[in-house]
Amino acid sequence: MDDMLNTQGHVRLGSSAGQPLTRRDGILKVTGAAPYAADARPEGVLHAVTLAAGIARGRVARLNSAAAEAHPGVVKVYTPANTPALAVSPDEKIHPFVWRMEVLQDDRVRYAGQPIAMVVAETLEAATEAARLLAPDYEAEPHRVTLDDAEPFDTETTAFGRPANMTKGDLATARATSSRHVTTQVDTSAQYHNAMEPHAITAQWVGDRLEIDTPNQAIGLSKQTFSAFLGIAPEQILLRSPFIGGGFGSKAILYGAQLLTILAARDLERPVKLALRRDQVYGPTGHRAPTRQTLRIDMDDMGRITALDHDTITLTSSFDQFLESASNASHSLYAAPVLRTTHHGRRADVGTPGPMRAPGEAPGSAALEIAMDEAARAAGLDPLDFRLLNHADTDPASGMSFSSKALRECYAEAAGRFGWAGRPQEPRQMREGRLLKGWGMGTAQFPCPMFQAAAHATLRADGSAVVETSAADMGQGAWTALAQIAADGLGIDIDKVEFRSGHSDLPDAGVAGGSGHTATAGTALFNAGSDAVRQLADLATQDPASPLFGAGNAGVTARSGRLWRNDDDRSEAYEDILARAGLELIRGEGTGAREGEPTHAMFSHGAVFAEVLVDPDLGQVRVSRLIGAFAAGRIINPALARSQLLGGMIWGIGMALQEEALHDTRSGRFVNNDLAGYHVPVNADAPMVEAITVHEDDPFVNALGIKGVGEIGVTGTVGAIGNAVWHATGVRPGRFPIHPETLI
Amino acid sequence: MTSTLNITINGAPHEIALDDPRATLLDVLRERLGLTGTKKGCDRGQCGACTVLIDGRRMNACLALALSHDWAEVTTIEGLAEGDTLHPVQQAFIAHDGFQCGYCTPGQIMSAVGLIAEGEAGLDPERVREGMSGNICRCAAYAGITDAVLEATRASGTRTEDERTDA
Ligand code: FES
Ligand code: FES
Numbered sequence: 001m002d003d004m005l006n007t008q009g010h011v012r013l014g015s016s017a018g019q020p021l022t023r024r025d026g027i028l029k030v031t032g033a034a035p036y037a038a039d040a041r042p043e044g045v046l047h048a049v050t051l052a053a054g055i056a057r058g059r060v061a062r063l064n065s066a067a068a069e070a071h072p073g074v075v076k077v078y079t080p081a082n083t084p085a086l087a088v089s090p091d092e093k094i095h096p097f098v099w100r101m102e103v104l105q106d107d108r109v110r111y112a113g114q115p116i117a118m119v120v121a122e123t124l125e126a127a128t129e130a131a132r133l134l135a136p137d138y139e140a141e142p143h144r145v146t147l148d149d150a151e152p153f154d155t156e157t158t159a160f161g162r163p164a165n166m167t168k169g170d171l172a173t174a175r176a177t178s179s180r181h182v183t184t185q186v187d188t189s190a191q192y193h194n195a196m197e198p199h200a201i202t203a204q205w206v207g208d209r210l211e212i213d214t215p216n217q218a219i220g221l222s223k224q225t226f227s228a229f230l231g232i233a234p235e236q237i238l239l240r241s242p243f244i245g246g247g248f249g250s251k252a253i254l255y256g257a258q259l260l261t262i263l264a265a266r267d268l269e270r271p272v273k274l275a276l277r278r279d280q281v282y283g284p285t286g287h288r289a290p291t292r293q294t295l296r297i298d299m300d301d302m303g304r305i306t307a308l309d310h311d312t313i314t315l316t317s318s319f320d321q322f323l324e325s326a327s328n329a330s331h332s333l334y335a336a337p338v339l340r341t342t343h344h345g346r347r348a349d350v351g352t353p354g355p356m357r358a359p360g361e362a363p364g365s366a367a368l369e370i371a372m373d374e375a376a377r378a379a380g381l382d383p384l385d386f387r388l389l390n391h392a393d394t395d396p397a398s399g400m401s402f403s404s405k406a407l408r409e410c411y412a413e414a415a416g417r418f419g420w421a422g423r424p425q426e427p428r429q430m431r432e433g434r435l436l437k438g439w440g441m442g443t444a445q446f447p448c449p450m451f452q453a454a455a456h457a458t459l460r461a462d463g464s465a466v467v468e469t470s471a472a473d474m475g476q477g478a479w480t481a482l483a484q485i486a487a488d489g490l491g492i493d494i495d496k497v498e499f500r501s502g503h504s505d506l507p508d509a510g511v512a513g514g515s516g517h518t519a520t521a522g523t524a525l526f527n528a529g530s531d532a533v534r535q536l537a538d539l540a541t542q543d544p545a546s547p548l549f550g551a552g553n554a555g556v557t558a559r560s561g562r563l564w565r566n567d568d569d570r571s572e573a574y575e576d577i578l579a580r581a582g583l584e585l586i587r588g589e590g591t592g593a594r595e596g597e598p599t600h601a602m603f604s605h606g607a608v609f610a611e612v613l614v615d616p617d618l619g620q621v622r623v624s625r626l627i628g629a630f631a632a633g634r635i636i637n638p639a640l641a642r643s644q645l646l647g648g649m650i651w652g653i654g655m656a657l658q659e660e661a662l663h664d665t666r667s668g669r670f671v672n673n674d675l676a677g678y679h680v681p682v683n684a685d686a687p688m689v690e691a692i693t694v695h696e697d698d699p700f701v702n703a704l705g706i707k708g709v710g711e712i713g714v715t716g717t718v719g720a721i722g723n724a725v726w727h728a729t730g731v732r733p734g735r736f737p738i739h740p741e742t743l744i
Numbered sequence: 001m002t003s004t005l006n007i008t009i010n011g012a013p014h015e016i017a018l019d020d021p022r023a024t025l026l027d028v029l030r031e032r033l034g035l036t037g038t039k040k041g042c043d044r045g046q047c048g049a050c051t052v053l054i055d056g057r058r059m060n061a062c063l064a065l066a067l068s069h070d071w072a073e074v075t076t077i078e079g080l081a082e083g084d085t086l087h088p089v090q091q092a093f094i095a096h097d098g099f100q101c102g103y104c105t106p107g108q109i110m111s112a113v114g115l116i117a118e119g120e121a122g123l124d125p126e127r128v129r130e131g132m133s134g135n136i137c138r139c140a141a142y143a144g145i146t147d148a149v150l151e152a153t154r155a156s157g158t159r160t161e162d163e164r165t166d167a
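Just so you know, the sequences run in chain order C and F.
Just so it is clear: in the first sequence, position 262 is 262 by full-length UniProt numbering, and no numbers are missing.
Just so it is clear: in the second sequence, position 164 is 164 by full-length UniProt numbering, and no numbers are missing.
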């Protein structure tokens, strides 16, 4: 199996991967039996409700705890006066992926929506009412909540410690010698993940062992974080997260109310459950920060880019730092011989932003694609021709070759399907009835990171197997796609694979984020299976009673639950090999990670084409068609990959036309922190969305050739819609979401 | 103050001593009866995750005070399948990948069952999309949802007719 893994650095997987299997958790999900954290009902469970701050900055001067405590059914009211201390201060950066959390350790208010108290009661109704009775008085201080009035600061780093600034080549000379340039400014808005499952936790202490049910995208890391703040050993913590009702980045980072619930369960010696209300998700659980981006594209007479300069101003909280690395979207997409990317931070009295589906890439791509269309127009070229002219054959930022890049094929596929040819160059040329019609496009790109994962694969005496890794399924289909990979690693039918996951006692599958989970955890599972098969092959090929005797470890292939000789057609079933060796099971172990320094630039790519209809009187925009073609390495399950890509593209519709969280600048509070005021796409907003996958073999990205599909759909799409709106109306959007009043 | 709530859930009559008149039908189902298949996404009637059928009509259980539905017949996601045989809408959701994380799914499916029974959308995809737009899916599995509803509508065509003449 080792040989198989190393053949040209690329393996043909077995029969399972590549099949559009339906979800293995499908029946659980359509019958309501799939357990989510708030569904847990341990014996004697208490209900917790937090109170959220109604000012953006200051301190809580008074809480009417007595009134809340007097309410029937209330067990305890937690305020900074009586909340147990954490083992380490919330200001401590125990690792880079912990944001400062509010755990009622002081009476400061740092943002609206911050928890300032928590009530625990016998029923949810009692806890809810008692939290209202707390009726806080505040000493408010002047606040800032928008990009415009926030406090600027210099920074060396952006999100995840990436360098804030980068320059390649001589910008001044390039500008001086270029024949034309365009400058474009695009603002993007604050957005909230709004996973359908609001953040929740059920915590109980069984002796000195803590059991928590909480949706979590990074089970291993979160266990470490909990253990540090609680001052207990990681082994004392069991975290269950079999199903996540949508995460999109918001459930990778811990938030204070989780710790509060755990502290209350310890203090009260009873299980405690907390589910944030929809409005309470706004503030403490991260969001996509607003950006103001300025791009300058310089070109020669032919329309070739000579320099690309991308600056981002973005917002973080007053007390922690996460800056959208939007300018980095310009690093590797178009062939810019001279490149500069910069970021500037500002601080405001808001919750700390965090990763939200395509963090940095989504707003960066939105602005870059608008700028590209402006540049194409200045060059007198069709937007697609302009992008083809400036196709990057090597990565402009690193100078490395791409590990694979079927972007030209994506352009051709999607453009053909869409019917792009013959598009009028000028805006306001097409109509459908009284509506203005426009076509636009954008390029999609997303990096292919890998994290660290471990897995076990155990072959059992009956030829079945159990594979284990603490992967997180938030809808991407880990229960299915990872099991498909595991089956192929073991050379058995997927129906014989029992997949155990979503549980912190299992080997850590790493973080489900960055579109790297399938690649990382999948590699670990595949390697674990290969390890088990190798041990099995050792047994058989050294056993004179086996038909495989003497074939040598590398002289056999695993397929359909049997080992087959490579030199003739003899084979033996796994169960027979195990039985003869007198073994109940064989356990393989594997890890998944990228080894060594990268030798190639690794990205998924795609092309998205949009058609919009705009009401000339009302400025209302509808996306009537959206077609994307994506090249993302090996597709493990085409049905699930399609769903991921469509989901990402529809997120693009939301970002382009709907999603915008607003603060009232006078009160510092949210204006629209609910699903009536914060609009996300509904079914009728996405009438015709199509995602095509383009075949791509990638021998470098990892041994299995897997890239990722979770986030790329958002990129390209936002710009494509914005460009289509220009084509319909002649108005170039300067801000997302596009407001109807700017189009009339 | 304890009140008595008589309510039939998935065909089984319940007499519930309800100690709190503030309880919504959603919270009674989830927290007191342990029927946690019905989900809470907003508690404000804005997302559809809590959709159940009350006397055959789709309703947001988070907006329904339990006590105001004395003697009602409620169907939840737990009551759709017959033993191991899934309801045709459930089957269609699996076949068309009409979900990802699954959190909105019970509400989507109950809404689809209600929509098909209403018989207003028929096989017109645009009307199906409109009719399902009270149910938000943040994973945006809308294409699969629409296809699943259309297929289930087709499969239940005759039955829907019968039900309407019965009514
Ligand atoms: S939970 Fe009832 S509509 Fe959202
Ligand atoms: S499947 Fe995740 S919200 Fe619909």
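Each residue gets a CB set at the ideal place from its N, CA and C atoms; glycine is no exception.
Just so you know, these numbers come straight off a predicted model, no measurement behind them.
| Item | Value |
| --- | --- |
| Please compile the residues from chain C whose C-beta is within a distance smaller than 9 Å of the C-beta of ALA152(F). | Those within 9 Å of ALA152(F) in chain C number zero; the least Cβ separation is about 12 Å. |
| ILE54(F) touches chain C at which residues, Cβ-Cβ below 7 Å? | Ordered by position in chain C, no residue passes the 7 Å Cβ test against ILE54(F), which lies about 17 Å from the chain. |
| Less than 8 Å between the CB of LYS39(F) and some heavy atom of ligand 1, yes or no? | yes |
| If you draw a straight line from the alpha carbon of LYS405(C) to that of GLN445(C), how long is it in whole angstroms? | 10 Å |
| Using a strict less-than 6 Å threshold between each residue's beta carbon and the heavy atoms of ligand 2, what residues do you get? | MET196(C), GLY246(C), GLY475(C), PHE99(F), GLN100(F), CYS101(F), GLY102(F), TYR103(F), CYS104(F), THR105(F), CYS137(F), ARG138(F), CYS139(F) and ALA141(F) |
| Please report how far the alpha carbon of ALA455(C) lies from the alpha carbon of SER403(C), in whole angstroms. | 26 Å |
| My parser needs the beta strand (DSSP E) runs of 3 or more residues fully inside the stretch 273-324 of chain C; what are they? | 291-299 and 305-317 |
| Looking at ASN637(C) and ligand 3, is the gap between the Cβ and the nearest heavy atom below 8 Å? | No copy of ligand 3 occurs in the structure displayed; its ligands are ligand 1 and ligand 2 alone. |
| Can you find a heavy atom of ligand 1 that lies under 8 Å from the Cβ of ASP43(F)? | yes |
| Just to confirm, is the Cβ distance from ALA524(C) to THR458(C) under 9 Å? | no |
| Chain C partners of SER133(F), CB-CB under 9 Å? | VAL682, ASN683, ALA684 and ASP685 |
| From which residue to which residue does the alpha helix (DSSP H) around LEU5(F) run? | It is not in any alpha helix (DSSP H) - LEU5(F) instead sits in the beta strand (DSSP E) that spans 3-9. |
| With three or more beta-carbon pairs closer than 8 Å as the criterion, would you say the stretch 408-424 of chain C touches the stretch 463-473 of chain C? | no |
| Tell me the residue span of the alpha helix (DSSP H) that contains GLU597(C). | No alpha helix (DSSP H) holds GLU597(C); DSSP gives it neither H nor E. |
| Taking 8 Å as the cut-off, is the CB of GLY48(F) close to at least one heavy atom of ligand 1? | yes |
| Express the C-alpha separation of GLY633(C) and LEU704(C) in angstroms, rounding to a whole number. | 9 Å |
| Of all the options ASP385(C), ARG570(C) and GLU374(C), which has the alpha carbon lying nearest to the alpha carbon of HIS727(C)? | GLU374(C) |
| Can you give the Cα-Cα distance for SER3(F) and ALA40(C), rounded to whole angstroms? | 26 Å |
| Measure from the alpha carbon of GLY606(C) to the alpha carbon of each residue in LEU238(C), GLY708(C) and ILE212(C), then state which is nearest. | GLY708(C) |
| Taking only beta-carbon positions, decide if MET474(C) is within less than 9 Å of chain F. | yes |
| Is the stretch 55-68 of chain F close to the stretch 86-99 of chain F, with three or more CB pairs under 8 Å? | no |
| Note down the Cα distance separating HIS567(C) from SER546(C), rounded to an integer number of angstroms. | Residue identity differs from the one stated: residue 567(C) is Asp in this sequence, not His. Roughly 15 Å separates the two Cα atoms. |
| Can ALA512(C) and LEU536(C) be called in contact, C-beta distance under 9 Å? | no |
| Strictly under 9 Å for the Cβ-Cβ distance: is residue 253(F) near chain C by that measure? | Residue 253(F) lies beyond the stretch modelled for chain F, which goes from 1 to 167, so this question has no answer here. |
| May I ask you to verify whether the stretch 316-336 of chain C touches the stretch 680-697 of chain C, counting CB pairs closer than 8 Å and requiring at least 3? | no |
| Count the other CB atoms, across all protein chains shown, that sit within 10 Å of the CB of ASP385(C); report buried if there are 16 or more and exposed otherwise. | exposed |
| From the DSSP secondary-structure annotation, give me the bridge partner or partners of PHE402(C). | ALA601(C) |
| If you run the structure through DSSP and keep just helix, strand and coil, what is ILE635(C)? | coil |
| Does the beta carbon of GLU120(F) come closer than 9 Å to any beta carbon on chain C? | no |
| Considering only their Cβ atoms, is the gap separating MET356(C) from SER250(C) smaller than 9 Å? | yes |
| Can you have a look at THR85(F) and say buried or exposed, based on whether 16 or more other CB atoms are within 10 angstroms of its CB? | exposed |
| For a test of the three-state rule: what should DSSP assign to THR648(C), helix, strand or coil? | Note that residue 648(C) is Gly in the sequence shown, not Thr. Helix. |
| Between TRP71(F), PRO106(F) and LEU63(F), which lies nearest to LEU28(C) when the distance is taken from Cα to Cα? | PRO106(F) |
| Is any heavy atom in ligand 1 found nearer than 8 Å to the beta carbon of residue 168(F)? | Since the first residue shown for chain F is 1 and the last is 167, residue 168(F) is missing from the structure and cannot be characterised. |
| Using a Cβ-Cβ distance cut-off of 9 Å, determine whether GLN484(C) contacts chain F. | no |
| Starting from LEU640(C), find everything on chain F with Cβ-Cβ shorter than 9 Å and list it in chain order. | ASP97 and GLN100 |
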